[in-house]
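One structure below.
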Amino acid sequence: MTTLPTRARPRLRSGWVMSMAVALGVLGFVMAAQWNGEVQRASYTTSAQQALAAQALALEQEQESLQAGLAAVESQLTEIQAQSEGSQTELAAVNADLAEARLAAGLTAIHGPGVVIEIADSRRIVPVDENPGNYIVLADDLRDIVVSLWHSGAEGIAINGERLVSTSSIYGVGSSVLVNTAFLSPPFRIEAAGPPGLEERFQADPAYLGRVAHRIEAFDLEFATESQTDLLVPAFIGSTNLRWAVPEGTQ
Amino acid sequence: MRTWVAQLSLALIAVIIGIALVAQFRSQARPAELSSLPVAELSTRIQTLSEANRQLRAALADQSSLLADYQAAGAQGSSALDVSREELRRIQAFSGESAVQGQGIIVNVTGSLDAIAVNDLVNELRNAGAEALALDDVRITAKSVVTQGATALEMDGTTIGRTFTVRAIGDPDGLIAALKRPGGIVTQLEQFVSATITVSPTSDLHLPATTLNLVPEFAESVE
Chain A
27 MTTLPTRARP RLRSGWVMSM AVALGVLGFV MAAQWNGEVQ RASYTTSAQQ
77 ALAAQALALE QEQESLQAGL AAVESQLTEI QAQSEGSQTE LAAVNADLAE
127 ARLAAGLTAI HGPGVVIEIA DSRRIVPVDE NPGNYIVLAD DLRDIVVSLW
177 HSGAEGIAIN GERLVSTSSI YGVGSSVLVN TAFLSPPFRI EAAGPPGLEE
227 RFQADPAYLG RVAHRIEAFD LEFATESQTD LLVPAFIGST NLRWAVPEGT
277 Q
Chain B
782 MRTWVAQLSL ALIAVIIGIA LVAQFRSQAR PAELSSLPVA ELSTRIQTLS
832 EANRQLRAAL ADQSSLLADY QAAGAQGSSA LDVSREELRR IQAFSGESAV
882 QGQGIIVNVT GSLDAIAVND LVNELRNAGA EALALDDVRI TAKSVVTQGA
932 TALEMDGTTI GRTFTVRAIG DPDGLIAALK RPGGIVTQLE QFVSATITVS
982 PTSDLHLPAT TLNLVPEFAE SVE
């Protein structure tokens, strides 16, 4: 009876010391790795990088301003074209065709049933002997998703607010993805309007199952889909002027 | 009491490890700050943004001019009708609803390409500035994608053979340079799928209108 406390006490202390030692060891390792990473990054951020980054940021801000200006002018044009309805038969008919053409081209925001897909880089720590590029979302992944969505019947798609139109490409540029004129970074939110059941058709589509689905599973990319009954897909805001292609018969 | 202190200490250390691990994980992700991007990537980004902004400025000037035309016409009469007709022609050419013509390139492909490879080729041409595209005699729209059918590749319900042609209207020099750059799409396709690809400029391409109805059936206009 009296010996139990004296035996128990050393066991408790020994277990506590071991736990603390292991925990502090892990903490030390993680802090050292973190500190080394910070030092490495800081040493590579040169003044040239800072100057170029400032220039790129200024251009991105200019782009936002230009897009806002363009959206405002497009809105005024749409308003003027709508006003003529009923005021003059021929003009009203042409403007109705124009509204439909804008809708078909992706120049008008749409709403309706659809699916939202979100994909982001893996949260898994990259093993030393593996390519870190496998664990981030690539332009290929977004292209596979978009191909699957169109093939599944999507009627309008936007990636992080960039509406896809006839001239849109999805292009990897370093660590970013260029869509239309915008450099996008993860998480990527793909909004697609289309017929009911779009999510199910997308998930069963061979273009989705063929490559990106394997990458999501193998590298643990963050991925989620959700059907929505009234999804808003924004309009394309950008240049629709063709310099080289002209309507047939006008050249 | 000692057990309680030990548990509390371990819990505290676990929290600190958690925070440190999150910080460590974030440091392994792709660069979040512009200033942490490599110089080469920043230079490419500046070049791309400069060109994109130039196009946006031109588009803003053109649309502002169009708005001025409408305002001058008072949205009534023959002037407004002309402005609307011209705008309709322009937008239908952009979307693929009407036939277009112009300078560009012809890409002849022979080989066992899969759907991904053909879609990549189209994506590359779009990125290089192609304004209108057709695969064989099918106009490529925003929603045109190549998929593997039961026996062959298909696009918009049309079968694509082992030999096919992509026609692209745009700056011929820019399009050819993009396709043929070292390590570019032509090199990749020739090396990895043993495709034979020829690219040639042409001064007068005629691309048909799409046969698809591009107007949404389930989605509605917000305006």
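Chains as they are written, first to last, in my numbering: chain A, 27 to 277; chain B, 782 to 1004.
Note that the Cβ used here is the ideal one computed from N, Cα and C, for glycine as well.
These figures come from a predicted structure and were not determined experimentally.
Would you call the CB atoms of residue 213 of chain A and residue 144 of chain A closer than 7 Å?
The sequence position of residue 213 of chain A within the first sequence is 187, counting from 1. The sequence position of residue 144 of chain A within the first sequence is 118, counting from 1. Going by C-beta atoms, residue 213 of chain A is nearer than 7 Å to residue 144 of chain A.
In this structure, how does DSSP classify residue 142 of chain A when only helix, strand and coil are distinguished?
Stepping through the first sequence from its first residue, residue 142 of chain A is reached at position 116. In this structure, residue 142 of chain A counts as strand in the three-state DSSP scheme.
Less than 7 Å between CB atoms is the rule here; does residue 827 of chain B satisfy it with respect to chain A?
Working through the second sequence from its first residue, we reach residue 827 of chain B at position 46. Yes, its Cβ sits closer than 7 Å to a Cβ of chain A.
Along the chain, which unbroken stretches of the alpha helix (DSSP H) at least 4 residues long are found entirely within the segment 852-886 of chain B?
Correct list: 858-876.
What residue does the beta strand (DSSP E) around residue 182 of chain A start on, and which one ends it?
Numbered from 1 along the first sequence, position 156 holds the residue referred to as residue 182 of chain A. Note, residue 182 of chain A: beta strand (DSSP E), 182-185.
Per DSSP, which residues does residue 218 of chain A bridge with? Please list them.
On the first sequence, position 192 is the one that residue 218 of chain A refers to. The partner list for residue 218 of chain A (beta bridge, DSSP) reads A/141, A/183.
Within the chosen definition, does the segment 135-150 of chain A reach the segment 212-227 of chain A through at least 3 CB pairs nearer than 8 Å?
The segment 135-150 of chain A is in contact with the segment 212-227 of chain A.
How would you call residue 973 of chain B, buried or exposed, if buried means at least 16 neighbouring beta carbons within 10 angstroms?
Looking up residue 973 of chain B in the second sequence gives position 192. So residue 973 of chain B ends up on the exposed side.
Can you check the segment 945-977 of chain B for any alpha helix (DSSP H) of at least 4 residues that lies completely inside it and give the ranges in chain order?
953-961, 966-973, all fully within the segment 945-977 of chain B.
Pull up the distance between the alpha-carbon of residue 175 of chain A and that of residue 228 of chain A, whole angstroms please.
Mapped onto the first sequence, residue 175 of chain A falls at position 149. Mapped onto the first sequence, residue 228 of chain A falls at position 202. For residue 175 of chain A and residue 228 of chain A, the distance between alpha carbons rounds to 6 Å.
Which residues in chain B sit within 7 Å of residue 195 of chain A, going by Cβ to Cβ distance?
Residue numbering aside, residue 195 of chain A sits at position 169 when the first sequence is read from its first letter. In chain order: 904, 907, 908.
Compute the distance between the beta-carbons of residue 963 of chain B and residue 982 of chain B, then report whether it is under 7 Å.
The residue labelled residue 963 of chain B in the question sits at position 182 within the second sequence. The residue labelled residue 982 of chain B in the question sits at position 201 within the second sequence. For residue 963 of chain B and residue 982 of chain B, no; Cβs fall outside 7 Å.
Is there at least one Cβ from chain A nearer than 7 Å to residue 961 of chain B's Cβ?
Residue 961 of chain B sits at position 180 when you count from the first residue of the second sequence. False, the Cβ-Cβ gap to chain A never drops below 7 Å.
Apart from the five residues just before and just after residue 136 of chain A, which ones in its own chain have a Cβ nearer than 6 Å to its Cβ?
Taking the first sequence and counting its residues from 1, one reaches residue 136 of chain A at position 110. Hits under 6 Å: 182, 219, 259.
With C-beta atoms as the reference, is residue 925 of chain B less than 7 Å away from residue 937 of chain B?
Along the second sequence, read from residue 1 onward, the residue named residue 925 of chain B stands at position 144. Along the second sequence, read from residue 1 onward, the residue named residue 937 of chain B stands at position 156. Yes.
So, is the C-beta of residue 121 of chain A closer than 7 Å to a C-beta in chain B?
Sequence index remark: in the first sequence, residue 121 of chain A carries index 95 (1-based). At least one chain B Cβ lies under 7 Å of residue 121 of chain A.
Are the CB atoms of residue 881 of chain B and residue 271 of chain A nearer to each other than 7 Å?
Translated into the one-based positions of the second sequence, residue 881 of chain B becomes position 100. Translated into the one-based positions of the first sequence, residue 271 of chain A becomes position 245. Their beta carbons are under 7 Å apart, which means residue 881 of chain B touches residue 271 of chain A by this criterion.
Does the segment 259-269 of chain A come within contact of the segment 823-842 of chain B, defined as at least 3 CB pairs closer than 8 Å?
These segments touch.
Helix or strand or just coil, what does DSSP make of residue 156 of chain A?
Within the first sequence, residue 156 of chain A is the residue found at index 130, counting from 1. Residue 156 of chain A falls in the coil class under three-state DSSP.
In three-state DSSP terms, what is residue 106 of chain A?
Along the first sequence, read from residue 1 onward, the residue named residue 106 of chain A stands at position 80. In the structure shown, residue 106 of chain A sits in a helix (DSSP, three-state: H, G or I).
Answer with yes or no whether the minimum CB distance from residue 153 of chain A to chain B is below 7 Å.
Working through the first sequence from its first residue, we reach residue 153 of chain A at position 127. No, residue 153 of chain A does not count as interfacial toward chain B.
To which residues of the same chain is residue 879 of chain B closer than 6 Å at the C-beta, ignoring the five residues directly before and after it?
Your numbering for residue 879 of chain B matches position 98 in the second sequence. 873, 990.
Applying a beta-carbon distance threshold of less than 9 Å, which residues of chain B neighbour residue 308 of chain A?
Nothing about residue 308 of chain A can be reported from this structure: the residues present for chain A run from 27 to 277 only.
Nearest CA to the CA of residue 943 of chain B: which residue from B/949, B/814, B/903, B/978?
Counting from one through the second sequence, the residue named residue 943 of chain B turns up at place 162. Among B/949, B/814, B/903, B/978, the Cα nearest to that of residue 943 of chain B is on B/978.
Identify each residue in the segment 121-141 of chain A for which the Cβ-Cβ distance to at least one residue of chain B is less than 8 Å, and report them in chain order.
Residues 121, 123, 124, 125, 126, 127, 128, 129, 130, 131, 132, 133, 134, 135, 136, 137, 138, 139, 140.
Who are the neighbours of residue 102 of chain A on chain B, taking C-beta pairs under 8 Å?
Position 76 of the first sequence, counting from 1, holds the residue named residue 102 of chain A. Those within 8 Å of residue 102 of chain A in chain B are 848.
Would you mind sorting residue 75 of chain A into buried or exposed? The rule is 16 or more other CB atoms within 10 Å of its CB.
Your numbering for residue 75 of chain A matches position 49 in the first sequence. The residue is buried, with at least 16 neighbouring Cβ atoms inside 10 Å.
Name the chain B residues that come within less than 8 Å of residue 272 of chain A, Cβ to Cβ?
On the first sequence, position 246 is the one that residue 272 of chain A refers to. Those within 8 Å of residue 272 of chain A in chain B are 874, 881, 882, 883.
Determine the burial state of residue 172 of chain A: buried for a count of at least 16 other Cβ atoms within 10 Å of its Cβ, exposed for fewer.
The sequence position of residue 172 of chain A within the first sequence is 146, counting from 1. Counting Cβ neighbours within 10 Å, residue 172 of chain A comes out buried, since at least 16 surround it.
So residue 966 of chain B packs on residue 901 of chain B, CB below 8 Å; how close in whole Å?
If you number the second sequence from 1, residue 966 of chain B lands on position 185. If you number the second sequence from 1, residue 901 of chain B lands on position 120. With 8 Å as the limit, residue 966 of chain B and residue 901 of chain B qualify as a contact, their Cβ atoms being about 6 Å apart.
With 16 as the cutoff for other CB atoms within 10 Å, does residue 167 of chain A come out buried or exposed?
Position 141 of the first sequence, counted from the first residue, corresponds to residue 167 of chain A. Buried: at least 16 other Cβ atoms inside 10 Å.
Among B/928, B/948, B/976, which has the Cα closest to the Cα of residue 233 of chain A?
Counting from 1 along the first sequence, the entry for residue 233 of chain A is found at position 207. Measuring from the Cα of residue 233 of chain A, the nearest candidate turns out to be B/928.
Excluding sequence positions up to five away, which residues of its chain have a Cβ less than 6 Å from the Cβ of residue 69 of chain A?
One-based indexing of the first sequence puts residue 69 of chain A at position 43. With a pLDDT of 48 at residue 69 of chain A, under the threshold of 50, the modelled position of this residue cannot be trusted; read the value that follows with caution. No residues qualify anywhere along the chain.
What do you reckon, are the CB atoms on residue 129 of chain A and residue 996 of chain B nearer than 7 Å?
Position 103 of the first sequence, counted from the first residue, corresponds to residue 129 of chain A. Position 215 of the second sequence, counted from the first residue, corresponds to residue 996 of chain B. Contact flag set, yes.
DSSP has residue 262 of chain A in a bridge; who is on the other side?
The residue labelled residue 262 of chain A in the question sits at position 236 within the first sequence. Looking at the DSSP assignment, residue 262 of chain A forms no beta bridge with any residue, so it has no partner.
My understanding is that residue 89 of chain A touches residue 837 of chain B, with C-beta atoms under 8 Å, so please give their C-beta distance in whole angstroms.
Against the first sequence, residue 89 of chain A aligns to sequence position 63. Against the second sequence, residue 837 of chain B aligns to sequence position 56. That pair is a contact at about 7 Å.
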